[in-house]
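For reference, the structure is listed below as C-alpha cells.
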Amino acid sequence: MEEYKKHLADRLLSEEKPITYRLLSRALNVHVNTAKEMLYEYHKYQNAQKADSIHATYLVYGVKNREISQEDGDVDMSSSMPDQDETPDVVHTNTLTLVREEDLTEILAAYESVSSLHVYSLAPHPQRDLAMLSDAAKSLAAYTIKEQDVSVAAKKFGTILNPHVRRRDRAARPKVAAAAETKLPKPASSAIKPATAPVEDKIKAEPKPTGKSKRDVSAPSSKDSTPVPGPKPAALKRGGSGGIMQSFAKAASQPKRLKVQPKEEDHTTMSDDGEADDDDIAAERPLKESESARTSRKEREEKLRQMMEEDDDDDDADAEKDEHEYGNADDEAMEDAPAPKSEATKEPKNEEISEVVSSTGDGRRRGKRKVMKKKRILDDQGYMEPGWESFSEDEAPAPAKKATPAPTPTASAAAKSKKPSGKGGAQGNLMSFFSKK
Amino acid sequence: MVKLEDVADTLLNSAHTVHTRPASTYKPLSTYKLDKGRSYQQQYGDMYFLRLTKIRPAVEEVAEAEWSGTVVAGEEAKRVDRVLDVKQGELCWVVGTVFMAMPLKPDILEDVSKDRWISAPVVPEKYFSNLEENEIMLEDDSGRIRLAGDLLKTVDLVTGCIIAVMGTENTNGELEIVDIQLPNLPPQPERWKLTKPVRKDDDEEMVDSSQSPGSKIAIVSGLSFSASDASHALELNLLLEYLLGEALGPQGQSDVSQISRLIIAGDSIDAAQADEQPEKRGAKKYGYDASAYNALPSQLFDEFLSELLPTIPVTLMPGAQDPANASYPQQPIHAAIFPTARAYAQVPGSKEPGWFDTTTNPWEAEVDGWRMLGTGGQNVDDVFKYVESEDRLSMMEAMCRWRCCAPTAPDTLWSYPFQDDDPFVIKTCPHLYFVGNQPEFGTRVIHGPDDQSVRLITVPSFSHSKEVVIVDTETLDIPLSLRKYGERDAYLMSNPLEILLNHHRHPSEGLG
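From first to last, the protein sequence lines stand for chains A and B. Under UniProt numbering, the first residue of the first sequence is numbered 1, with each subsequent residue one higher. Under UniProt numbering, the first residue of the second sequence is numbered 1, with each subsequent residue one higher.
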C-alpha cells in the first residue's frame, strides 16, 4: 500500500502534475475503483500531514433538484409536454458534475439524490480550470491497451466487457505468422517475406490474373499448407497491384473470358463512396466469410455477364432502330428493353416498374413509363440510361397493348432473324476492339 | 438536497465486478444507400412524380373515408383526379404536392434568370417571413393551383409534402379550402419483424426478458471533435469514461453496462475551423490547398472510437459537418478516416453489419427489434425554415404524418436526383424516430389511427448541451391500452433518460 503513496507523492509533489484515477489505475495496473480509493486515501493522508497541500476534484452523479435544472433551461421541452394529450413524459435527467473540493458541498446541495461520488483527480495546486484535466487524460494514450488484451483490461481496470465484440481480425488467421511477428500487428512485415516468396512467384506465374481475388487463390492451398494462407493475401495484393504490366495484361485478357471479376473493374475509377475500397482491406477478410462471399461473387459474375450481353443489346438496338425507323416511336422504346434477349439474361429491375400510372379516369391513363433512352456521349459509345417518359393514352386499348406488345409481323420477324447474328457480330466487335489495343 | 455526510461512504466503495454488456440485435437497412456508380445527370422532376404516385393512394384512402358524402351548403364534395380538373364553383377534393413560394426561399428559377452562379447561396435562417407573403400551391403533373383560406394559417405545410384538400375554386382562380387531410402514419411492423431476439438462457422466453432490466441505447450527436476548440474536451473525456464504465461507483457502472449500443447521429467532426481564418494572409493558392487540411479532429475522433469499440458497438451517421457527401441521403463516412477504429468495421462484401457501422443519413434499421429511423438533423432544420413554429418535435410528427422524412428535398434540401424510387417516402412506420443536432432535448410519443405509436426524440448537440440520450429498449413501445396516467405508466414512460454532463464552474471563479 505504501507504493501507491510513493507514486502519488512523486507525481504530485515532485513533478507537480495532476493525476486522475484513470491515469493512476493504468500506471499501477490496478482497478479503477481501487485507484479512486487510493486517491481518496492519499488525499486524506497527505492533507493530514500538511494541510492544504493536495487538492481534489470529485465526480458527482445523480439527479439534480428540479428547479436548479430549470434554471439551466433544460426542461422547457419536457415541461411543456403535458399540454399534449399524451402521457406526461417524465424524463430522468442524471447529471454528472466534475467539481472542485471547495465547491463540493454546494454542488451536493443542488442534487436531489446522488448515486455515486468519487475522487476524480488530485492536483498539487487548487485547480483553476478543470479543462486542464483533459491534458492529463491525453497522457493516458501511453497506456492505451493493446488490442489483444481487451478482456484482460476489462478485468484489470474495470472497463465494461463486451463478449460479443467482433473485429476484422488480422492476428487471427496465421498462427505461425502471428508467433513470428508478435510485435508487429501488420501482416505484411518483412520478416515473413522470405517464407512466402515462392508462393508469390507461383501466383504471378498463374495464367489467371486474379490478383485481388484472395479466395480463389487461397482455395487450392488452404488447409494443407499452414504457413501459407496467412501472409498470402498481402503477397497477393502486392502481386496484383505491383506489376503495372500485369494490370494491362489483365485488361486485355478480360473480354476473352467473360467471367471476370467485376470488382476490379469497379474500382479502376475512384469511388467517392463511404465504403472501404476493396484492395484496402483485402488482406483482412476473415475466412469464415468466404462461403457467402463466393456466392456473391458468382452473382456478380452473372451480373457482369448480363451487362456484357446488354452491351450487345445496345448494338442490336442500334441496328434495330434503323429498321424500325418508321415505326411507332413509343412502342419501339418499350420494346428496346424487354424484346430481344431470352428473359434469363435480362435484369429483372428493368421490368419491375416499367410503368407507373399516376391517374386513371375519364377514359385516359396518364403516367410515366420507364424506357431505355439512347444517349450519345463524347467518345461515341452509346450507353443506356433509364429514364421516365410521360405518356397519356386511351384506356381501352392499353391493356391489349401491354399484354402482347405486337409489333408488325415483318418487324418482329426482322428483329428475330436479326438477333442471333447481331449478337455474334457484336461479340466479335467487342473482342476485336480489345485486341486492337 | 444532499449533504456530504450522507454520501461520503460511496467514496470508499470499490467492488471489482466485471460487468458485461448485453448483446445488441442489429439489422441496418439499406434504404438510403446509393449505387456507387450513380449518375447525376437526371432531372429532379421524377422525384416529385414518384413521391406523389407512392403516397397518393394513402391520402386518397384517408380523404375518401373522411369526405365521401360530405355535403357543404347543399353540394356534395366530388373527387377530382387532377389539379387542373378543378372547376370553378364546384365543391371538390384533390390530391397533390404542396409547393411553397416564399419571398426568402431560394428559388432556382430566379437564380438562373438572374445569372447567379458564382456566389455561394445565401441561406437565410428562416424562409418564413410572414403568412401574407406566402403562396401555397398544390401541384401534380398536370399543373398547379393556388390554395387560399384561413385554414392554411393553422396548418404547417412545406414544399414536397403530399396532401388532400377539399374546397371550391373562387373567382380569383384560387382553391378556397375547407379541409385538409394528410396521409397519416404508414403501417407499423411488429417488433422483431426482421431479427430474432437473443435468448439470454436456453429456456428463458422473450416474455421474461421484457421484465428484466432492459438494455439501453445511447444516442449522441454533435460531438464536434475539433482541432482548435478544446472547450468541451473534458466533457468528451467524461463521456468516454462514462460509456467505458470507468467513472461512477459500482452501482452506476452496472447501470452503464446495460447500454448495448452507441448511436452517433452526425456532426462528429467540427469543420468550422476553415471559416475561422478567412483573413489568413500569405501566398494565395488556387485549388485545393493540402497544407490547410488538419487531420487532428478526425484523429481525435478515431482515438475516441477505438477506445470505445472494444466495449460497445457504435453506429455512426454522417451529419452536415462530417466528411461525407453534402446532399441527402448522405453516404457513410469512409472507413479510411478511421485508421484504428476501422478494424471493427464491416468486412466488405459481408452480409453481417460491422461492429463499428458507418451508415447513411437518414438511416433506417431494426435495433433490438424496434424499427428505427434516424437523421443527422438536416431534414428537420430545413423544415424548420418553412414554418413559424419552433417546435421541432411537431415537425418530426408532421413528417411522419406526411410519410416523408425529407419533404423539402430536393427543393431546398440538397438531394440526390432519384429516378426509380423516392426513398424519403416512409414506407414502414418506425417505432423510434430520432433527429440529431437539435438545439435541445425533447421527446414525445405520437399515435396513428392503426395503433401505431412512434417515439420522437430530438437529440441535442453534445458540444453545446453536453447531453446524451439513453433509450430503454424494452419499454420503448407500450401497447396503446397502457397509455393512461398512472404511477406505473409514468415509470414506463420515463425511458429516455438524459445525462447532462455538466462541467460545473463556480460563477465567482470566473473563466480562469
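All residues carry an ideal CB built from backbone N, CA and C; glycine is no exception.
Residues of its chain near Thr-195(B), where Cβ-Cβ distance is below 6 Å and the 5 sequence neighbours each way are ignored: By one-based count along the second sequence, residue 195(B) stands at place 195. Thr-25, Lys-27 and Glu-366.
Gly-442(B), buried or exposed, once every other Cβ within 10 Å from all chains shown has been counted against 16: Stepping through the second sequence from its first residue, residue 442(B) is reached at position 442. Answer is buried; the Cβ neighbour count reaches 16.
Residue nearest to Gln-57(B) in terms of C-alpha spacing, selected from Gly-89(B), Ile-163(B), Glu-76(B) and Ser-129(B): Position 57 of the second sequence, counting from 1, holds the residue named residue 57(B). In the sequence as displayed, the identity of residue 57(B) is Pro instead of Gln. Residue Ile-163(B) is the option with its Cα nearest to Pro-57(B).
Interface flag, Ser-461(B) vs chain A, CB-CB below 7 Å: As a working note, residue 461(B) is residue 461 in the second sequence. No, its Cβ sits nowhere closer than 7 Å to a Cβ of chain A.
Own chain residues within Cβ distance below 6 Å of Val-459(B), not counting five before or after: Translated into the one-based positions of the second sequence, residue 459(B) becomes position 459. If we look at Val-459(B) and ignore the five residues flanking it on each side, its Cβ neighbours are Ile-219, Ser-221, Ala-265, Phe-434, Gly-436 and Val-469.
Nearest neighbour of Trp-192(B), chosen from Pro-297(B), Trp-370(B) and Trp-67(B) [CA to CA]: Against the second sequence, residue 192(B) aligns to sequence position 192. Of the candidates Pro-297(B), Trp-370(B) and Trp-67(B), the one whose C-alpha sits nearest the C-alpha of Trp-192(B) is Trp-370(B).
Within-7 Å CB hit, Leu-234(B) to chain A: As a working note, residue 234(B) is residue 234 in the second sequence. At least one chain A Cβ lies under 7 Å of Leu-234(B).
N- and C-terminal bounds of the beta strand (DSSP E) containing Lys-27(B): By 1-based counting over the second sequence, the position of residue 27(B) is 27. Element bounds for Lys-27(B): 26 to 29.
Residues near Ser-142(B) by beta carbon distance below 7 Å, same chain, minus five either side: In the second sequence, residue 142(B) corresponds to position 142, counting from 1. Taken in chain order, the residues that qualify are Arg-82, Val-83 and Leu-84.
Residue range of the unbroken beta strand (DSSP E) whose run includes Cys-92(B): As a position in the second sequence, residue 92(B) is number 92, starting the count at 1. Its beta strand (DSSP E) spans residues 92 to 101.
Own chain, CB closer than 7 Å to Asn-502(B), minus 5 neighbours either side, in chain order: Here residue 502(B) refers to the residue found at position 502 when the second sequence is read from its first residue. Here the model assigns Asn-502(B) a pLDDT of 38, short of 50, so the residue's position is not dependable, and the following value carries that caveat. Hits under 7 Å: Lys-466.
Validate contact between the segment 157 to 164 of chain A and the segment 44 to 61 of chain A using beta carbons, cut 8 Å, 3 pairs: no
Partners in chain B for Arg-305(A), counting only beta-carbon separations shorter than 9 Å: Position 305 of the first sequence, counting from 1, holds the residue named residue 305(A). In chain order: nothing, as chain B lies at least about 17 Å away.
Ordered list of beta strand (DSSP E) runs contained in the segment 137 to 207 of chain B, each at least 3 residues: 144 to 148, 162 to 169 and 175 to 181
For Lys-216(B): DSSP bridge partner residues: In the second sequence, counting from the first residue as 1, residue 216(B) sits at position 216. Paired residue(s): Ile-259(B) and Asp-472(B).
Beta-carbon proximity of Trp-363(B) to Met-317(B), cut-off 7 Å: Counting from one through the second sequence, the residue named residue 363(B) turns up at place 363. Counting from one through the second sequence, the residue named residue 317(B) turns up at place 317. In contact: Trp-363(B) and Met-317(B) (Cβ atoms closer than 7 Å).
Pro-163(A): contacting residues in chain B (beta-carbon distance under 9 Å): As a working mapping, residue 163(A) is identified with position 163 in the first sequence. In chain order: Thr-20, Arg-21 and Ala-23.
Straight-line Cα distance separating Arg-11(A) from Ile-19(A): By 1-based counting over the first sequence, the position of residue 19(A) is 19. By 1-based counting over the first sequence, the position of residue 11(A) is 11. Approximately 7 Å, taken between the alpha carbons.
Any chain A beta carbon closer than 7 Å to Pro-310(B): Mapped onto the second sequence, residue 310(B) falls at position 310. Cβ-Cβ to chain A under 7 Å: yes for Pro-310(B).
Same chain, Cβ closer than 7 Å to Trp-402(B), neighbours up to 5 away in sequence not counted: In the second sequence, the residue the question calls residue 402(B) occupies position 402. Excluding positions up to five away in sequence, the list reads Cys-161, Ile-162, Leu-182 and Pro-183.
Distance between beta carbons of Ser-129(B) and Leu-104(B), contact taken as under 8 Å: Mapped onto the second sequence, residue 104(B) falls at position 104. Mapped onto the second sequence, residue 129(B) falls at position 129. Right, their Cβ atoms sit about 6 Å apart.
Environment of Glu-16(A) [buried if 16+ CB atoms lie within 10 Å]: If you number the first sequence from 1, residue 16(A) lands on position 16. That one is exposed.
Ile-426(B) in three-state terms, based on DSSP: As a working note, residue 426(B) is residue 426 in the second sequence. In this structure, Ile-426(B) counts as coil in the three-state DSSP scheme.
Minimum Cβ-Cβ distance from Tyr-433(B) to chain A less than 7 Å: In the second sequence, counting from the first residue as 1, residue 433(B) sits at position 433. It does not; no Cβ of chain A falls within 7 Å.
Residues bridged to Gly-374(B) [DSSP beta-bridge criterion]: Walking along the second sequence from the start, residue 374(B) turns up at place 374. Answer is Trp-363(B) and Phe-434(B).
Helix, strand or coil at Thr-458(B) according to DSSP, with G and I counted as helix: Here the question's residue 458(B) lines up with position 458 in the second sequence. Of the three classes helix, strand and coil, the one that applies to Thr-458(B) here is strand, per DSSP.
Contacts of Tyr-61(A) in chain B (Cβ-Cβ under 9 Å): As a first step, residue 61(A) is located in the first sequence; it is residue number 61 there, counting from the start. Within 9 Å Cβ-Cβ: Tyr-242, Ala-247, Leu-248, Gly-249, Gly-252 and Ile-499.
Beta carbon proximity, Ile-160(A) to chain B, threshold 7 Å: What you label residue 160(A) is simply residue 160 of the first sequence in a count that begins at 1. At least one chain B Cβ lies under 7 Å of Ile-160(A).
Endpoints, alpha helix (DSSP H) assigned at His-43(A): Here residue 43(A) refers to the residue found at position 43 when the first sequence is read from its first residue. His-43(A) -> alpha helix (DSSP H) spans 32 to 49.
Length of the line joining the Cα atoms of Ser-268(B) and Thr-360(B): Locating residue 268(B) in the second sequence gives position 268, counting from the first residue. Locating residue 360(B) in the second sequence gives position 360, counting from the first residue. Between Ser-268(B) and Thr-360(B), the C-alpha separation is close to 14 Å.
Contact list for the segment 5 to 32 of chain A against chain B, Cβ threshold 7 Å: Arg-22, His-31 and Val-32
Closest Cα partner of Val-425(B) within the set Gln-43(B), Val-123(B), Leu-29(B) and Arg-51(B): Working through the second sequence from its first residue, we reach residue 425(B) at position 425. The shortest Cα separation from Val-425(B) among Gln-43(B), Val-123(B), Leu-29(B) and Arg-51(B) belongs to Arg-51(B).
Continuous alpha helix (DSSP H) stretch holding Ala-137(A): start and end: In the first sequence, residue 137(A) corresponds to position 137, counting from 1. Its alpha helix (DSSP H) spans residues 132 to 138.
Counted within 10 angstroms of its Cβ, other Cβ atoms place Asp-451(B) as buried (16 or more) or exposed: For the purposes of this step, residue 451(B) is taken as residue 451 along the second sequence, with counting starting at 1. Its Cβ having fewer than 16 others within 10 Å, Asp-451(B) is exposed.
Span of the beta strand (DSSP E), counted from its first residue to its last, around Tyr-120(A): Within the first sequence, residue 120(A) is the residue found at index 120, counting from 1. 111 to 123 is the extent of the beta strand (DSSP E) around Tyr-120(A).
Own chain residues within Cβ distance below 8 Å of Thr-311(B), not counting five before or after: The residue given as residue 311(B) occupies position 311 in the second sequence. Arg-21, Leu-243, Leu-244 and Gly-245, listed in sequence order.
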